[in-house]
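Participant: Quick one: the structure is below, and I'll ask about it shortly.
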Amino acid sequence: MNPQVDRLLVIGLGLIGGSFALGLKQRGCCRTVIGYNRNQDTLDKGLRLGIIDEAATDLEAAVRSADVIMLAVPVKVMESVMAQISPWLRSDTILTDAGSAKGNVVRAAEQVFGEIPPLFVPGHPIAGSEKSGVTAAKSDLYERHKVILTPLAQTDRNALKLIHSLWEALGAEVHHMDVPRHDEVLAATSHLPHLLAFSLVNTLANDRENRDIFRYAAGGFRDFTRIAASDPIMWHDIFLANRDATLKVLDEFTDGLAELRDAVARSDGEAMLGVFTRAKSARDHFTKILSGTAYSLPMNDNVIFKVQPGGKVQGQIRVAGDKSMSHRSIMLGALAEGVTDVEGFLEGEDALATLQAFRDMGVVIEGPTQGRVRIHGVGMQGLKQPPGPLYLGNSGTAMRLFAGLLAGQDFDTELTGDESLSKRPMERVAEPLRQMGAWIVTGPEGCPPIKIVGGQSLKGIDYQMPMASAQVKSCVLLAGLYSDGETSTTEPAPTRDHTERMLTGFGYPVECDGATARVQGGGKMTAAKIDVPADISSAAFFMVAASIAPGSDLLLEHVGINPTRIGVINILRQMGADLTLSNERDVGGEPVADIRIRYAPLKGIQIPEDQVPLAIDEFPVLFIAAACAEGTTILTGAEELRVKESDRIQAMVDGLSALGVQVEGTPDGAIIQGGGLQGGRVNSLGDHRIAMAFAVAGLRAEGEIVIDDCANVATSFPNFVELAKQVGLNLRIGG
Ligand code: S3P
């Protein structure tokens, strides 16, 4: 890289300043790196270790010659150092700093210069360690660490750009923030934990028995207190510099600690579990953030699937738990009286979002651990107002069912979701809920966010559903639990009936009479045991995989075969697939079977419209089956596909066309000419089922298929790639 800076002066050659100097020097970003330190010995070491090119003995000359000056001194002396150098600063020299608190550094600059100079760019690298001093300096200290710059209104854009690019050259991830926000965030995430670590170790060290305590202290003590070995002087400076923000968060923490103390004193195990499970889930989420796999973060990284052509699938697997039932198990378990144990729970991001939302409403939920979840039900009236909007990620089911449940609560709520969910229609649930007396406001064009004003009294309605949607049906029935009198829904075609079945399992009577389901408001639920079968919608990818790849023979275990979900089996059989069901049984009110699929040549068909709602989530992969079949497949009556996680008709038409298939989209379906696929690149548009469908297509493609934007596979089938590879797909993740 060409040097961006002619002469860089780093004042203060500790860990932070030394690493900045060394990193830029090694990367060739500066023609000359000059170091200045009050302590001559430090400067000598800096020279000897190759951290700097020149050691400044005359600070005035060094400042006058510098194009960029980095102040890497303790925050406490920032003002005096600025005062010392100010008479010698050239008008074109860019000044920046690395102080851990920004409010006081900016105030110091104001004090010294009269006003904050436009060429001053305040900054803070979040990359310290408990080690300090020039000898600890490392050229890669900032790699993959965050650096926060806190420019002011008057900050010169070019100066900001230059400092930004220097940090980026060091491998840092650079963010911009305003000064008060920076100080608040750092008080919470860094200053408070240091204060607690210092305090805990000090308390224990004062104990007369401290020798024993330290002797036996193991992992917990070590992990919690590592940062108590940090530089005391530096931290004393930081608390003086960021007093107000630290006190604010310390007070919040003290209140939380007092509550926990109270719970321990009262032996209130449930209160403790509540705090611990919420904390654990937040910490687990943070671990995912650290490893870059957190789903609710904006996904900058494009997760790519690459599938090599050919192969066959063989073996015996159990796919992920049913998504629809996993959502409902949490919702109903939370509102039941007693403790509900769930097995086979889908640990995918959608169901986890529902779980987290109930935690946010005060429900104690243990797990999930290997599909096991324990829900401490709070009863129909036991939910508490969440502290903020409930974030439901990618999940339309969660948002629509929550709308029904929350319309009857006496507190206000707001429901939000990710980019895809924020484009999905919500008036389909808001409208019947309003008829019931709910106060509910949707966002622009009837999409999320949904705002629900609590405290309304709902009355039962008789709802003739305009579309076949289990989400709409479930939403109205769940609101019906909180309504006066009877609520009924009548659907134009059968849709999944998990809500009706599970309500019954929890002892809440539901009367089902053909297309109509009825509930009486004001009842209650009793905890139940739930065994969630494998999701037929996830199994469908493997059914199609085995059907299209010659030589395949695959057994899918414990798959839910609820009659409202088996459209995919019926359609594939009509296309000529060799599918056999065995070991059929009833598990907690839901039928389950093992499904064996062997390769058989498929033929194109006109898909019967009555099967469409029964296979609504399986069409992406059925399109792949159609592309591999002989002859034409025609789908009609499936306009609902246009408002799923993506416009699934368009996404499949675009993807198949890119793979050389002759396919034409229609308003309510598609016409697909079978015969096979070429390799190519397709975009899943962030839709999990589109991504997995094209992965399966690789088995019959003539070349490699590359699929963009696959991160959301984690919403419904987190171990898809692992299982796909296990049975024989030649799939790997890039990105
Ligand atoms: C679901 C219902 C279906 C389905 C979705 C899950 C449910 O949506 O597509 O994945 O759990 O109720 P619609 O009811 O809107 O068709």
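Residue numbers (full-length UniProt numbering): 1 to 735. No residue lacks a Cβ here, since even glycine has one placed at the ideal position from N, Cα and C. Quantities reported herein were computed from a predicted structural model and do not represent experimental measurements.
Would you mind stating whether T442 and M426 have Cβ atoms separated by less than 8 Å?
Facilitator: Translated into the one-based positions of the sequence shown, residue 442 becomes position 442. Translated into the one-based positions of the sequence shown, residue 426 becomes position 426. It is a contact, given that the beta carbons lie within the stated cut-off.
Participant: Any idea what DSSP makes of A217, helix, strand or coil?
Facilitator: For this step, residue 217 is matched to residue 217 along the sequence shown. Correct three-state label for A217: coil.
Participant: Taking 8 Å as the cut-off, does the region 687-706 touch the region 305-324 (at least 3 CB pairs, one atom from each stretch)?
Facilitator: yes
Participant: For N570 and T580, I'd like the C-alpha separation in whole angstroms.
Facilitator: Walking along the sequence shown from the start, residue 570 turns up at place 570. Walking along the sequence shown from the start, residue 580 turns up at place 580. Cα to Cα, N570 sits roughly 11 Å from T580.
Participant: When you compare only the Cα positions, how much space is there between G333 and R642?
Facilitator: The residue given as residue 333 occupies position 333 in the sequence shown. The residue given as residue 642 occupies position 642 in the sequence shown. For G333 and R642, the distance between alpha carbons rounds to 32 Å.
Participant: In this structure, how does DSSP classify T397 when only helix, strand and coil are distinguished?
Facilitator: In the sequence shown, residue 397 corresponds to position 397, counting from 1. In this structure, T397 counts as helix in the three-state DSSP scheme.
Participant: Would the beta-carbon of H688 be found less than 7 Å away from any heavy atom of the ligand S3P?
Facilitator: Indexing the sequence shown from 1 puts residue 688 at position 688. No, the ligand S3P has no heavy atom inside 7 Å of this Cβ.
Participant: State the DSSP-derived secondary structure class of Y295, mapped to helix, strand or coil.
Facilitator: Here residue 295 refers to the residue found at position 295 of the sequence shown. With a pLDDT of only 44 at Y295, under the threshold of 50, the placement of this residue in the model should not be trusted; the figure read from the coordinates follows. Correct three-state label for Y295: coil.
Participant: If we require 4 or more residues per run, which alpha helix (DSSP H) segments fall completely within the region 394-467?
Facilitator: 396-407, 427-435
Participant: Just confirm the distance between the C-beta atoms of T489 and Y508, as a whole number of angstroms; I'd bet it's less than 8 Å.
Facilitator: What you label residue 489 is simply residue 489 of the sequence shown in a count that begins at 1. What you label residue 508 is simply residue 508 of the sequence shown in a count that begins at 1. Not quite, the Cβ-Cβ distance comes to about 15 Å (not below 8 Å), so this is no contact.
Participant: Would you report the Cα separation of V519 and K451, rounded to the nearest angstrom?
Facilitator: Working through the sequence shown from its first residue, we reach residue 519 at position 519. Working through the sequence shown from its first residue, we reach residue 451 at position 451. If you take the alpha carbons of V519 and K451, they lie about 25 Å apart.
Participant: Could you tell me if the beta carbon of I536 falls within a distance shorter than 7 Å of some heavy atom in the ligand S3P?
Facilitator: Mapped onto the sequence shown, residue 536 falls at position 536. Not so, every heavy atom of the ligand S3P lies at least 7 Å from the Cβ.
Participant: Residue range of the alpha helix (DSSP H) that N202 falls in?
Facilitator: Counting from 1 along the sequence shown, the entry for residue 202 is found at position 202. Element bounds for N202: 192-206.
Participant: Say the cut is 7 Å; is the CB of D617 nearer than that to a heavy atom of the ligand S3P?
Facilitator: For this step, residue 617 is matched to residue 617 along the sequence shown. True, at least one ligand heavy atom lies under 7 Å from that Cβ.
Participant: Give the single residue among S395, D360, V68 whose Cα lies nearest to the Cα of K384.
Facilitator: Taking the first residue of the sequence shown as position 1, residue 384 is located at position 384. The shortest Cα separation from K384 among S395, D360, V68 belongs to D360.
Participant: Return the CA-CA distance between R318 and H558, expressed in angstroms with no decimal places.
Facilitator: Residue mapping note: residue 318 aligns to position 318 of the sequence shown, counting from 1. Residue mapping note: residue 558 aligns to position 558 of the sequence shown, counting from 1. Cα to Cα, the separation comes out at about 7 Å.
Participant: For the beta strand (DSSP E) containing C475, list its first residue and its last residue.
Facilitator: The residue you call residue 475 lines up with position 475 of the sequence shown. First-last for C475: 470-480, but that is the alpha helix (DSSP H), not the beta strand (DSSP E).
Participant: Can you find the residues in the same chain that come closer than 7 Å, C-beta to C-beta, to D610, ignoring five residues on each side of it along the sequence?
Facilitator: Here residue 610 refers to the residue found at position 610 when the sequence shown is read from its first residue. Around D610: A493.
Participant: Going by C-alpha distance, which of T487, A527, V429 is nearest V373?
Facilitator: By one-based count along the sequence shown, residue 373 stands at place 373. Ranking the options by Cα distance to V373, first place goes to A527.
Participant: If you count every other CB in all the chains shown that lies within 10 Å of the CB of V264, and 16 or more means buried, which is it?
Facilitator: Translated into the one-based positions of the sequence shown, residue 264 becomes position 264. So V264 counts as exposed.
Participant: Are the Cβ atoms of L401 and M502 separated by less than 8 Å?
Facilitator: Residue numbering aside, residue 401 sits at position 401 when the sequence shown is read from its first letter. Residue numbering aside, residue 502 sits at position 502 when the sequence shown is read from its first letter. Against a cut-off of 8 Å, the Cβ pair of M502 and L401 comes out as no contact.
Participant: Going by other Cβ atoms of all chains shown within 10 Å of its Cβ, with 16 needed for buried, is Q370 buried or exposed?
Facilitator: For the purposes of this step, residue 370 is identified with residue 370 of the sequence shown, where counting begins at 1. The residue in question, Q370, is exposed, as its Cβ has fewer than 16 Cβ neighbours within 10 Å.
Participant: If I'm right that G141 touches Q4 with Cβ under 8 Å, what's the distance once you round it to whole angstroms?
Facilitator: Against the sequence shown, residue 141 aligns to sequence position 141. Against the sequence shown, residue 4 aligns to sequence position 4. Here residue 141 turns out to be Leu, not Gly, going by the sequence shown. Between Q4 and L141 the Cβ distance is about 19 Å, and since that is not below 8 Å, they are no contact.
Participant: Across which residues does DSSP place M70 in a beta bridge pair?
Facilitator: Working through the sequence shown from its first residue, we reach residue 70 at position 70. Partner(s): V10, T96.
Participant: Within a Cβ cutoff of 7 Å, which residues of the same chain sit near G14, ignoring the five residues on either side of it in sequence?
Facilitator: Taking the sequence shown and counting its residues from 1, the one referred to as residue 14 is at position 14. If we look at G14 and ignore the five residues flanking it on each side, its Cβ neighbours are A72, S132, G133, V134.
Participant: Consider the C-beta atom of S469 and the heavy atoms of the ligand ATP; say whether any pair is separated by less than 7 Å.
Facilitator: The ligand ATP is not part of this structure, which contains only the ligand S3P.
Participant: Pick helix, strand or coil for V105, following the three-state DSSP scheme.
Facilitator: Here residue 105 is taken as the residue at index 105 of the sequence shown, counted from 1. Three-state DSSP puts V105 in a helix.
Participant: Are there three or more Cβ pairs, one per stretch, closer than 8 Å when the region 699-718 is compared with the region 340-355?
Facilitator: The region 699-718 is in contact with the region 340-355.
Participant: Expressed to the nearest angstrom, what Euclidean distance is found between the alpha-carbon atoms of I126 and A228?
Facilitator: The residue labelled residue 126 in the question sits at position 126 within the sequence shown. The residue labelled residue 228 in the question sits at position 228 within the sequence shown. Straight-line Cα distance between these residues: approximately 17 Å.
Participant: How many angstroms separate the CA atom of V179 from the CA atom of P117?
Facilitator: As a working note, residue 179 is residue 179 in the sequence shown. As a working note, residue 117 is residue 117 in the sequence shown. Cα to Cα, V179 sits roughly 15 Å from P117.
Participant: Using DSSP with H/G/I as helix, E/B as strand and the rest coil, what is E115?
Facilitator: Numbered from its first residue, the sequence shown carries residue 115 at position 115. It is coil, neither helix nor strand.
Participant: Under 8 Å: do the region 193-205 and the region 147-159 share three or more Cβ pairs, one atom per stretch?
Facilitator: In short, these stretches do not touch, since the Cβ pair count stays below three.
Participant: Can you tell me whether V275 is helix, strand or coil according to DSSP?
Facilitator: To locate residue 275, count along the sequence shown from 1; it is residue 275. Three-state result, V275: helix.
Participant: Take every Cβ of the region 583-591, pair it with every Cβ of the region 606-623, and state whether three or more of those distances are shorter than 8 Å.
Facilitator: no
Participant: Is it a yes or a no for the region 623-640 touching the region 596-605, going by three-plus beta-carbon pairs under 8 Å?
Facilitator: As far as the Cβ criterion goes, the region 623-640 touches the region 596-605, which means the pair count is three or higher.
Participant: Under the DSSP definition of a beta bridge, which residues are partnered with A701?
Facilitator: Taking the sequence shown and counting its residues from 1, one reaches residue 701 at position 701. In DSSP, A701 forms a bridge with L677.
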